[in-house]
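All letters in the sequence shown, in the order written, are residues 4 to 284 by my numbering.
For each residue, glycine too, the CB sits at the ideal point set by N, CA and C.
Just below is one structure, and these are the notes that go with it.
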Amino acid sequence: MVRFNMYYYSYFCFFFFSSFFNLNVLSGQGNCLIYAEESGERKACELCYRALEYKQGSKESQLLFDQAIQIGPNYAWAYYEKSVPFFKRGLFAEGVSLINKAIELEPQNYLYYRAYWYFYNRSFDFCIKDLEELYTNHNISYCATPSGELEMRLLLGMAHASSGNTSKGISWIQHLMDTYKKQPNLKGTYDHFCLGVLYYKNNQLDLAIEQFEQQLAIDNNFATTYYYLGLIKEKESESDEAEHYFKQALAKMNRENNGYSFNIFEEFNVFKADIEKKLNK
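Take a look at the structure:
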């Protein structure tokens with residue numbers, strides 16, 4: 004399961020709008036003036052701006068979103084924004100029913116959000132369906148998670164791996180890595196780590212080592228990276244090197260989160276006891 008600070012729900016996706024690489028940022032609500040004066044969309048947009056003056060999920064804001072939906076039923080952002088507090092509070096069915104409406108109107112803008120929550124609720128097949136439609140049918144170049152920490156293809160890759168198709172998961176993350184050749188500044192903190200984990204799961208150990216070493220070049224304080232390198236060396240019967248990496252993992256972990264390595268994917272969290280067991284062994 005992914006662990007994110009969901010208070011930061013602004014998002015951004017990048018699209019191809021021409022035959023060359025042209026990035027456009029979609030972030031939050033747009034300009035109401037693009038809609039015709041007195042149109043339902045214009046009035047709904049203005050009501051949504053009023054709703055944002057109140058605390059997210061408050062009765063006042065939700066009532067204004069209800070008014071916006073009634074006046075401008077084709078204004079997708081109102082459904083999206085009304086759905087957010089339902090998801091955050093664990094009311095998944097209510098959130099999905101609202102985001103479904105936004106997706107009917109503008110799938111290219113909101114498929115990613117439903118996919119994120121499908122992943123968060125371990126509905127990996129539904130997550131895969133949404134994200135493959137997003138990247139295959141809607142010319143998406145780059146789309147981040149709601150908190151902006153990860154590109155959504157990392158979740159797509161992990162969803163495939165969690166569903167038993169690790170090779171396909173690797174393929175999607177490699178596809179993401181190819182986009183960084185044109186825009187290296189978009190590369191995130193965890194890309195190499197995620198690909199390394201999938202190579203490890205797929206028993207492609209040399210490729211996993213290569214990715215984990217690149218991860219260390221970006222952030223050498225992540226205890227789990229050392230732990231996986233130790234696991235690889237253990238598999239390769241290189242006990243001294245394995246012990247070296249496990250000791251590094253333990254040293255890093257002693258400074259993290261009271262004895263466990265915070266990881267973006269809970270399935271791959273490592274606890275202090277796991278490392279101590281390896282060292283004692």
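Per-residue burial, residue i [other beta carbons within 10 Å of its own, 16 or more giving buried]
i	result
residue 44	buried
residue 66	exposed
residue 112	buried
residue 61	exposed
residue 36	exposed
residue 88	buried
residue 254	exposed
Residue of the options minimising C-alpha distance to residue i
i	options	result
residue 205	250, 121 and 172	172
residue 32	185, 234, 223 and 78	78
residue 237	249, 228 and 226	249
residue 175	189, 187, 188 and 194	194
residue 130	257, 166, 65 and 235	166
residue 132	163, 268, 247 and 93	163
residue 80	47, 149 and 231	47
residue 70	51, 245, 241 and 280	51
residue 256	272, 242 and 89	272
residue 230	200, 207 and 87	200
residue 222	82, 191, 60 and 278	191
residue 59	154, 92 and 38	92
residue 72	118, 37 and 108	108
residue 142	152, 182 and 244	182
residue 168	128, 180 and 149	128
C-beta contact flag for residue i and residue j at 8 angstroms
i	j	result
residue 114	residue 136	yes
residue 202	residue 189	no
residue 282	residue 246	yes
residue 42	residue 54	no
residue 232	residue 215	yes
residue 228	residue 274	no
residue 68	residue 84	yes
residue 225	residue 217	no
residue 134	residue 147	no
residue 86	residue 75	no
residue 82	residue 105	yes
Residues bridged to residue i (per DSSP)
i	result
residue 154	147
Subject >> Cβ contact (3+ pairs, closer than 8 angstroms) linking the stretch 122-132 and the stretch 147-161 >> reply: yes
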